[in-house]
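Asker: Numbering (the numbering used here), first residue to last: 73 to 537.
The beta carbon of each residue, even a glycine, is placed where N, CA and C say it ideally should be.
None of the values given here were measured: they were computed from a predicted structure.
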């Protein structure tokens, strides 16, 4: 009974860990690696699992004793404080220092965690996050002020926990932001209106989804990678539809959708200020632990520096690739430190800084609204793929340096357990074997007199059974 309880608890614990890592925007190949480590730590060698973005299956036991547990993954998304708590639990599970039942209780506590910061602080943080990205994408002071106002409004809308509103919120936010920017562009200098739109919509952009999808496809996770890729492009199409609908309502021409160069350039240090403001906004909006702010800022600086080097010295389409290659080992190095930060917590802001989703949104909007939009969309798609390839190469380099060739997987089929071999017969058994095989011992009429059937007229024959 205890063994059955332990197996059931382990199955549910594994399901909860996988679902939590899905909510942290982790790729399925890394979730599978983590679950493999956890299973080995708890001694569950007869355990197998299937991990997909929307479904998780765990099997324990062999043959007739096998039991399968299934969980449909929800669309829940963890804040940074929840991600940090989850990866602390993952670290304990890797060493089996927490029982499965206690791990399940801890998972429930993480899912029910209230934000460390209040709603007003988190809304202000979304506005600060938007302002920092606006200073990087459309560097004008007027554009930064507009981005702050739009970011504060979007932050307020995101506080409403209605499932119906969450479905239509990205389209509604794209429509409202685009209409506001197009109207304000007629009266004040805000720089490139399309790129300024990216700032308040950044938390809706599927940049991390598209990059994770490409990494999963390159890693051989075809089902998960293809599903995420389609989901990401549908999200981009919905946002582009909101922008185009706002343009049609306001009455802008096709030239408003083309990237524009700002008429005035801000000093060089504005980019560094934008990174600092962007990191502060992420810290406030996602209620990140206080100890992780410096690590997030370091990852953002490395990503921005790599992107700048690739853009200035190679080609603008290669900038994201260089930035991704540079930041990925740094992120894993931070995650491996004793007092570091989880990789997903530092990866997500770096993804948004490299803006693969922003490039796709600009290209998709131009593809529907301008004559040369298909060429722009192809260039944006190349930029997305280059960033994803940079993440993949950076991950491979880190693993090769720290793990060598031990992770190369070879095809193998497990051999079923052979039945226990019979012990050799004793000397007495060998000597009496001919007597036991004698025909008269197997004949039914060769019975001892005391075992013969009673006579029909005898008292034993008339005795009831």
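Taking contact to mean at least 3 C-beta pairs separated by less than 8 Å, is the segment 269 to 280 in contact with the segment 203 to 210?
Answerer: yes
Asker: Check this for me: beta carbons of residue 350 and residue 469, under 8 Å apart or not?
Answerer: no
Asker: Determine contact between the segment 347 to 366 and the segment 184 to 203, defined as no fewer than three beta-carbon pairs at a distance below 8 Å.
Answerer: yes
Asker: For the alpha helix (DSSP H) containing residue 162, name the first residue and the last one.
Answerer: 152 to 166
Asker: Determine the burial state of residue 367: buried for a count of at least 16 other Cβ atoms within 10 Å of its Cβ, exposed for fewer.
Answerer: buried
Asker: How many whole angstroms separate the CB atoms of residue 101 and residue 166, which I take to be in contact at a CB cut-off of 8 Å?
Answerer: That pair is no contact at about 17 Å.
Asker: Once DSSP output is grouped into helix, strand and coil, what is the label at residue 480?
Answerer: Confidence is the limiting factor: at residue 480 the pLDDT is only 49, short of 50, which leaves the residue's position unreliable and the question unanswerable from this model.
Asker: Bridge partners of residue 121, per DSSP?
Answerer: 130
Asker: Among the residues of its own chain, which have a CB less than 6 Å from the CB of residue 357, if the five just before and after it don't count?
Answerer: 194, 197, 198 and 201
Asker: What separation, rounded to the nearest whole angstrom, lies between the Cα atoms of residue 125 and residue 260?
Answerer: 44 Å
Asker: Can you give me the start and stop residues for the beta strand (DSSP E) that residue 140 sits inside?
Answerer: Taken as a continuous stretch (DSSP letters only), the beta strand (DSSP E) holding residue 140 covers 139 to 144.
Asker: Do you know how far the Cα of residue 159 is from the Cα of residue 226?
Answerer: 29 Å
Asker: Which residue's Cα is closest to the Cα of residue 466: 175, 387, 209 and 404?
Answerer: 404
Asker: Measuring only the C-alpha atoms, how far is residue 461 from residue 415?
Answerer: 18 Å
Asker: Tell me which residue opens and which closes the alpha helix (DSSP H) that residue 188 is part of.
Answerer: Premise fails: residue 188 is in no alpha helix (DSSP H) and is neither H nor E.
Asker: If you drop the 5 nearest sequence neighbours on each side, which residues of the same chain put their C-beta closer than 6 Å to that of residue 480?
Answerer: Residue confidence for residue 480 is low, a pLDDT of 49 falling below 50, so the modelled location carries little weight; the figure read from the coordinates is stated next. For residue 480, where only same-chain residues beyond five positions count, there are no Cβ hits under 6 Å.
Asker: In the DSSP assignment, find the alpha helix (DSSP H) that holds residue 224 and state where it starts and stops.
Answerer: 213 to 230
Asker: Tell me which same chain residues have a C-beta within less than 6 Å of the C-beta of residue 79, skipping the five on either side of it?
Answerer: 132
Asker: Whether or not the segment 208 to 228 and the segment 341 to 348 are in contact is what I'm after, with contact meaning three or more pairs of Cβ atoms, one per stretch, closer than 8 Å; do they touch?
Answerer: Yes, the segment 341 to 348 touches the segment 208 to 228.
Asker: Would you grab the beta carbon distance between residue 182 and residue 157 for me? Rounded to a whole angstrom, and I think it's under 8 Å.
Answerer: Beta-carbon to beta-carbon, residue 182 and residue 157 are separated by about 5 Å, close enough to satisfy the 8 Å threshold.
Asker: Identify the continuous alpha helix (DSSP H) that holds residue 275 and give its terminal residues.
Answerer: Per DSSP, residue 275 belongs to no alpha helix (DSSP H) and is neither H nor E.
Asker: Spatial neighbours of residue 301 within its chain, please: C-beta separation below 6 Å, excluding the five flanking residues on both sides.
Answerer: 285
Asker: With a cut-off of 8 Å on the beta carbons, I'd call residue 314 and residue 281 a contact; round off their distance for me.
Answerer: Contact doesn't hold; Cβ gap of about 18 Å is too wide.
Asker: How would you call residue 152, buried or exposed, if buried means at least 16 neighbouring beta carbons within 10 angstroms?
Answerer: buried
Asker: Can you tell me which of the three DSSP states residue 528 falls into?
Answerer: A caution first: residue 528 carries a pLDDT of 47, below 50, which makes its placement in the model unreliable, though a value can still be read off. Coil, per DSSP.
Asker: In angstroms, rounded to a whole number, what distance separates the CA positions of residue 309 and residue 257?
Answerer: 24 Å
Asker: Closest to residue 321 by CA distance: which of 93, 238, 298 and 247 is it?
Answerer: 247
Asker: How many angstroms separate the CA atom of residue 83 from the CA atom of residue 141?
Answerer: 7 Å
Asker: Quick one: measure Cβ to Cβ for residue 459 and residue 396, integer angstroms, because I've assumed they're closer than 8 Å.
Answerer: Right, their Cβ atoms sit about 5 Å apart.
Asker: Residues in its own chain within less than 8 Å of residue 116 by CB, not counting five upstream and five downstream?
Answerer: 79, 82 and 132
Asker: Can you grab the Cα-Cα spacing for the pair residue 217 / residue 421, in whole Å?
Answerer: Using only the alpha carbons, I get a separation of about 21 Å.
Asker: For residue 369, which residues in the same chain have their Cβ closer than 6 Å to its Cβ, ignoring the five residues on either side in sequence?
Answerer: 351
Asker: Measuring CB to CB, does residue 223 end up less than 8 Å from residue 262?
Answerer: no
Asker: If you draw a straight line from the alpha carbon of residue 239 to that of residue 89, how long is it in whole angstroms?
Answerer: 26 Å
Asker: To which residues of the same chain is residue 371 closer than 8 Å at the C-beta, ignoring the five residues directly before and after it?
Answerer: For residue 371, same chain residues with a beta-carbon under 8 Å away, outside a window of 5 residues either side, are 399, 402, 403, 406, 418, 419, 421 and 422 in chain order.
Asker: How should residue 504 be labelled, buried or exposed, when 16 other C-beta atoms within 10 angstroms of its C-beta is the threshold for buried?
Answerer: exposed
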